[in-house]
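4 protein chains.
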Amino acid sequence: MQKTAFASDNTSGICPEALESFIAANTSNVASYGNDEWTRRACDAIRDLFQTDCDVFFVFNGTAANSLALASLVQSYHSIVCHKLSHVETDECGGPEFFSNGTKLLLAEGEDGKLDVDGIARLVAARTDIHYPKPRAVTITQSTEVGTVYALEEVKAIGAACREMGLAFHMDGARFANAVAHLGVSPAELTWKAGVDVLSFGGTKMGMPVGEAVVFFNHQLAQDFAYRCKQAGQLASKMRFLAAPWVGMLQNNAWLTRAGHANAMATRLSDALAALPGVSLMFPTQANAVFVNLPAHVAQALKDKGWAFYSFIGAGGARFVCSWSTTLEDVDALVADVKSGL
Amino acid sequence: MQKTAFASDNTSGICPEALESFIAANTSNVASYGNDEWTRRACDAIRDLFQTDCDVFFVFNGTAANSLALASLVQSYHSIVCHKLSHVETDECGGPEFFSNGTKLLLAEGEDGKLDVDGIARLVAARTDIHYPKPRAVTITQSTEVGTVYALEEVKAIGAACREMGLAFHMDGARFANAVAHLGVSPAELTWKAGVDVLSFGGTKMGMPVGEAVVFFNHQLAQDFAYRCKQAGQLASKMRFLAAPWVGMLQNNAWLTRAGHANAMATRLSDALAALPGVSLMFPTQANAVFVNLPAHVAQALKDKGWAFYSFIGAGGARFVCSWSTTLEDVDALVADVKSGL
Amino acid sequence: MQKTAFASDNTSGICPEALESFIAANTSNVASYGNDEWTRRACDAIRDLFQTDCDVFFVFNGTAANSLALASLVQSYHSIVCHKLSHVETDECGGPEFFSNGTKLLLAEGEDGKLDVDGIARLVAARTDIHYPKPRAVTITQSTEVGTVYALEEVKAIGAACREMGLAFHMDGARFANAVAHLGVSPAELTWKAGVDVLSFGGTKMGMPVGEAVVFFNHQLAQDFAYRCKQAGQLASKMRFLAAPWVGMLQNNAWLTRAGHANAMATRLSDALAALPGVSLMFPTQANAVFVNLPAHVAQALKDKGWAFYSFIGAGGARFVCSWSTTLEDVDALVADVKSGL
Amino acid sequence: MQKTAFASDNTSGICPEALESFIAANTSNVASYGNDEWTRRACDAIRDLFQTDCDVFFVFNGTAANSLALASLVQSYHSIVCHKLSHVETDECGGPEFFSNGTKLLLAEGEDGKLDVDGIARLVAARTDIHYPKPRAVTITQSTEVGTVYALEEVKAIGAACREMGLAFHMDGARFANAVAHLGVSPAELTWKAGVDVLSFGGTKMGMPVGEAVVFFNHQLAQDFAYRCKQAGQLASKMRFLAAPWVGMLQNNAWLTRAGHANAMATRLSDALAALPGVSLMFPTQANAVFVNLPAHVAQALKDKGWAFYSFIGAGGARFVCSWSTTLEDVDALVADVKSGL
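If you're matching them up, the sequences are chains A, B, C and D in order. For the first sequence, our numbering gives the first residue as 1, with consecutive numbering after it. For the second sequence, our numbering gives the first residue as 343, with consecutive numbering after it. For the third sequence, our numbering gives the first residue as 685, with consecutive numbering after it. For the fourth sequence, our numbering gives the first residue as 1027, with consecutive numbering after it.
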């Protein structure tokens, strides 16, 4: 049994489809810095997926994808509206502030880890003088840090509000696949058609060894972004090894199937745990993560048995994340150990 | 025949030893962000290699390794002495300036692409008022951008001068393996014993898919460097895939054997080309790169035949770089095509 | 009557003692960049005032004083604890984040606009992993943005806590004079003897045309700070005109007498307003600013009569600030207009 | 005699016209942060002077004016073409790099301290790949650091080249007055009509105590510049004291008369020195500074007599700068001491 199975989706390994093309890319000498066939194919695959001529850049990790994308939307004296539980605020060690040279994050409340139009509007209206940074962008996380998913209408509403208020719209899609799998809408619908200007499209949590894609639906915002990546230490010399896994994952819909599996495992776990006495869901389980309130002795019992998981918001909160590699056996073993600890 | 074989050592693929451990690392769930066994083993292997308790951090690429290492040595109002042909100056799109928030690079001349103590001292003495950035660090490239190697005594002399002038000493070792293979001295001798404070130890050009190591021999300078990496988008979540290749490469001296092969191929190519009428070496061939002056029609003939290579300093200069994967056949084919073009 | 008298203490003009030395400094050619007699005298006067050999730098305004002082205490991946109502958070347009290249401000609650040890300790303990900026400094505002003053014991307690937790301690003293006038303790007691590492000592609000002093009680933290000022556009070429007013103000205790006057005017205003029905103090009046809840129609009536003042925290809150130039007539006129509006 | 008279034009005091309005501005309470009548009048006076509806911002010093103006033209991964002897390169301690978060300065040669179109074009063409910062702006100094002045046609040629190459065009006019006085063309002709996008208009060297104006002729580039100033610690709270001297200086053409006097003193000094045996001009004297090669023993003799001046480019070079306050007696005394030292 894998006692680390639920610690995070980034404890998982490389998904077979990603590994296969990674290895296939390991042929003889190939042009570097993205001037190769694998990168061309990966970019084209992403353009096909989004049914539009977007600008695609591969970077190494999620902090970089988010920080560079956001930095391209603002200047240092601007601000970015995000949820107070968003990854850019809570888990990137000030990456967005660093790459933008000081841009402030404005923290909104919002149910289920989601921004809403009112919350954004309130922050934007709160200060309009030059003594406080000027709001210029909004970022949402899809799916969110608490395992929920913005409905298509919610994204559209934020997109419309951004247009109205003159704000750029970024989507942190470290778990974009899980959101699409949950909603069953097309990637195009969920992004540029809903007003998203730029997407951080997560590869690592989806099953790749390393690498995320930054996808600009607005060509103007992408201007000179290749320079930005290079300067920021985010241009891979052997780019084919970042790009090839995308080719593998996007073929035959593997990315979505794998994400659907992770979601299904989370749903199974969520259903089983929620049915237990003394256990309650902290947030609805809509993607691949389950947040539950566990009695303190149960949480301790799990830790004693070697289960790795994050505590969350207070003593009893526990986060269990599923991935492409989570098995039925993993889920059932965890549920059994929770039960036996009650 | 691989017509891209000599374009750069980063056109090469993944070396078998690196790939083998990369794949071996792809087991089930493993702790992320470096809290795993592969990362522990890789760090230990590097500490063994350098025979000292150094601080080791894995980052994604060379620009990041250099920029973050240098940023940890200076403040924005300081300056860094480097050679005018150094990679940090010519090929990182201002990465060092960006990560340090504005630190100026002071460009020294110096024969064969190498800094010398006089050149450093001249720049340090040139300005000592607060209207110009204050020198705080020196960086040298070992082996250099023009295929030469600092002799051990040269490194030691710079190390001693740095101590005397109160400057930190960084070594850009994107091709450190090639330098060690050429000199036949121990990594310890060539770095901390010679006064180097921090080394960017190149993995990619050595045969890995992605990843470099930043090695601090001075614990104080490494303080909070993990935070710096995280904030800068240089902390891999699935760290095992950056670390594992180091384990493979450092076993059985593979890293050195592979670098020695690359150097040998360069020497063979260099000897063959230098013997041709009308062809002359621009710099002595001491590592894995050959810089020659080719008659213009020969350069053109090579390009017409599909050979990829960089022009360098003026029309006739050509750079040919060998790697772990360069073959005798590659070398002989290139030489033959040069000959036939004369 | 001056209807702008209470808008802010920075609406006041130049205090006679400051103006006199400003004009006295306007003799013939004088060495620039601080290598002049006026600057030497001003620095000495500040060292005398604090009874210690501190390092003194004159900069142009408060945002610069605070931002540069804080930037000298942290790196970009660190964080700074401040009160959520502090000027560095609410009114410097992200200056601290900009000059530090991204350092995050951690916002503490705290009664009467004051940080306390518990609040600091909670924020410091909240996150200790590398995914969130590491606390490295604390900044308090003395007197605060809401017109209160830290008691000497409160400053000492924070100083002791900073030492224990390894945090540097900065005091934003844009209104330091008002705090000293209120407390009646020596500047030395209130700063370095209480553990303060660096002080932004406000000149402008005290009665100067332009200029603040950054005073380091810790020589090591002041290292290369002159370079930092120069690079940041904060080194005056005709430095004598920033320095001379300090000479004038620090002679014969003018700075303290003038601040005492401002405080007295605020007390008079506060007492008069608090005695009115329907009017209540939002915070105790301890320095030169009065915060009251006014009935909405009274606030409107004042505005209709041309009074300029800031609204504060909700509809009814009003801020009235006194300065060296506030007169009894100003105070009485305002009180009369409030009364007539009731 | 003023032995510091020629050290720099920033050793001079406040010009009577500037002082008069400075003092006139010291009335009772006045709105802060530029919302006052003096600031309005100063901005209008500058708009009148340039005969166009430009955007005007007052900042504290020249480093700030240049750095903020340049930062508004570029991103961190861009580069700025300047002369290798320009103030932004040699005397601002990396200010432009700091405020732009790392933008590289590309250093051009060029006769008499002046850029020319060929030099700019060469640097722009030198690198067009993403591994090197992308040129986005040109900055020239008018008058230059070596006392020369760009002819109107030279400025126009650079302006046209900038348009053609897609570069923004900044003019460092720390001594703009001296250039205009020399050329006898209108400020409008010399700036926006010649293609200049933004001008740093120097006040301090012209005779003010503190303060420069940043003048944008391109509204789009000025967008949110007020926020940039505020965040960068360059928004004066008592703005009237920065603005009022401009009102005084721009009335009755005082700024130009004063600059003309400085130029005339420099010409007189230049003519007298050039006529001496063993003394030669390093650059033509076109503005208010004289650069001469002095025999080493003469330079030493001057220093022994207490004269303050900068050495320049090698042992014998000496710089003498005149200002609004330089007198005939100053000039003649210096000439006499040079003569007696021969």
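All C-beta atoms, glycine included, are put in the ideal place defined by N, C-alpha and C.
So what does DSSP say about residue i, is it helix, strand or coil?
| i | result |
| --- | --- |
| D:L1261 | coil |
| D:V1305 | coil |
| A:V180 | helix |
| B:F440 | helix |
| C:V855 | Note that residue 855 of chain C corresponds to Met in the displayed sequence, not to Val. Three-state DSSP puts C:M855 in a strand. |
| A:C82 | strand |
| A:G317 | strand |
| D:I1184 | helix |
| D:A1239 | strand |
| C:Y994 | strand |
| A:R127 | coil |
| A:D351 | This structure cannot settle anything about residue 351 of chain A, because the visible part of chain A is limited to 1 through 342. |
| D:L1368 | coil |
| B:I365 | helix |
| D:I1166 | strand |
| B:L448 | strand |
| A:V196 | coil |
Along chain B, which residues have their Cβ under 7 Å away from the Cβ of residue i?
| i | result |
| --- | --- |
| A:N10 | S374, S579, K580 |
List, in order along the chain, the chain A residues whose C-beta lies closer than 7 Å to that of residue i?
| i | result |
| --- | --- |
| C:T951 | Within chain A, no residue comes near C:T951; the closest Cβ sits about 28 Å away, beyond 7 Å. |
| B:T486 | Neighbours of B:T486 on chain A: none; closest Cβ ~18 Å, over 7 Å. |
Do residue i and residue j have their C-beta atoms within less than 8 Å of each other?
| i | j | result |
| --- | --- | --- |
| D:A1186 | D:G1221 | yes |
| C:I764 | C:L799 | no |
| D:C1119 | C:K914 | yes |
| C:K738 | C:V899 | The residue you asked about is not Lys; residue 738 of chain C is Cys in the sequence shown. Closer than 8 Å, so yes. |
| B:N465 | B:A479 | With the sequence shown as reference, residue 465 of chain B is identified as Leu, and Asn is not the correct amino acid for it. No, they are not a contact pair. |
| B:T381 | B:A585 | yes |
| A:H182 | A:N253 | no |
Counting contacts by CB-CB distance shorter than 8 Å, is residue i in contact with chain E?
| i | result |
| --- | --- |
| C:D908 | This model lacks chain E altogether, as its protein chains are A, B, C and D. |
Cβ closer than 8 Å: which chain B residues qualify as neighbours of residue i?
| i | result |
| --- | --- |
| C:Q915 | S418, Y419, G444, P475 |
How would you list, in chain order, the residues of chain D whose beta-carbon sits under 8 Å from the beta-carbon of residue i?
| i | result |
| --- | --- |
| C:Y911 | C1119 |
Kindly list, in the order they appear in chain C, the residues whose Cβ is closer than 9 Å to that of residue i.
| i | result |
| --- | --- |
| D:N1087 | F744, G917, Q918, L919, A920, S921 |
| D:A1031 | S712, N713 |
Going along the chain, which residues of the stretch 1262-1277 of chain D sit with their C-beta nearer than 8 Å to a C-beta in chain C? A1262, S1263, K1264, F1267, L1268
Under 8 Å: do the stretch 1309-1327 of chain D and the stretch 1287-1298 of chain D share three or more Cβ pairs, one atom per stretch? yes
Would you call the stretch 902-911 of chain C in contact with the stretch 691-699 of chain C, where contact means no fewer than 3 C-beta pairs closer than 8 Å? no
Taking contact to mean at least 3 C-beta pairs separated by less than 8 Å, is the stretch 1067-1082 of chain D in contact with the stretch 1127-1140 of chain D? no
Closer than 8 Å, Cβ to any Cβ of chain C: which residues of the stretch 460-481 of chain B, in chain order? I472, H473, P475, K476
Any C-beta of chain C within less than 8 Å: which residues of the stretch 412-444 of chain B qualify? Q417, S418, Y419, H420, N443, G444
The stretch 355-385 of chain B: positions lying closer than 7 Å to chain A by Cβ: G355, I356, L361, N368, T369, S370, N371, V372, A373, S374
Could you say if the stretch 1084-1104 of chain D and the stretch 1228-1242 of chain D meet the contact criterion of at least three C-beta pairs nearer than 8 Å? yes
Stretch pair the stretch 408-416 of chain B + the stretch 429-441 of chain B: three plus CB contacts closer than 8 Å: yes
Specify whether the stretch 514-528 of chain B and the stretch 459-477 of chain B touch according to this definition: at least 3 beta carbon pairs, one from each stretch, less than 8 Å apart. no
Do the stretch 1347-1356 of chain D and the stretch 1050-1068 of chain D touch if we need at least three Cβ pairs shorter than 8 Å? no
So, do the stretch 1356-1367 of chain D and the stretch 1319-1336 of chain D have three or more beta carbon pairs nearer to each other than 8 Å? yes
With 9 Å as the limit, tell me which residues of the stretch 1227-1240 of chain D have their beta carbon closer than that to any beta carbon of chain C; keep them in chain order. T1230, K1231, M1234, P1235, V1236, G1237
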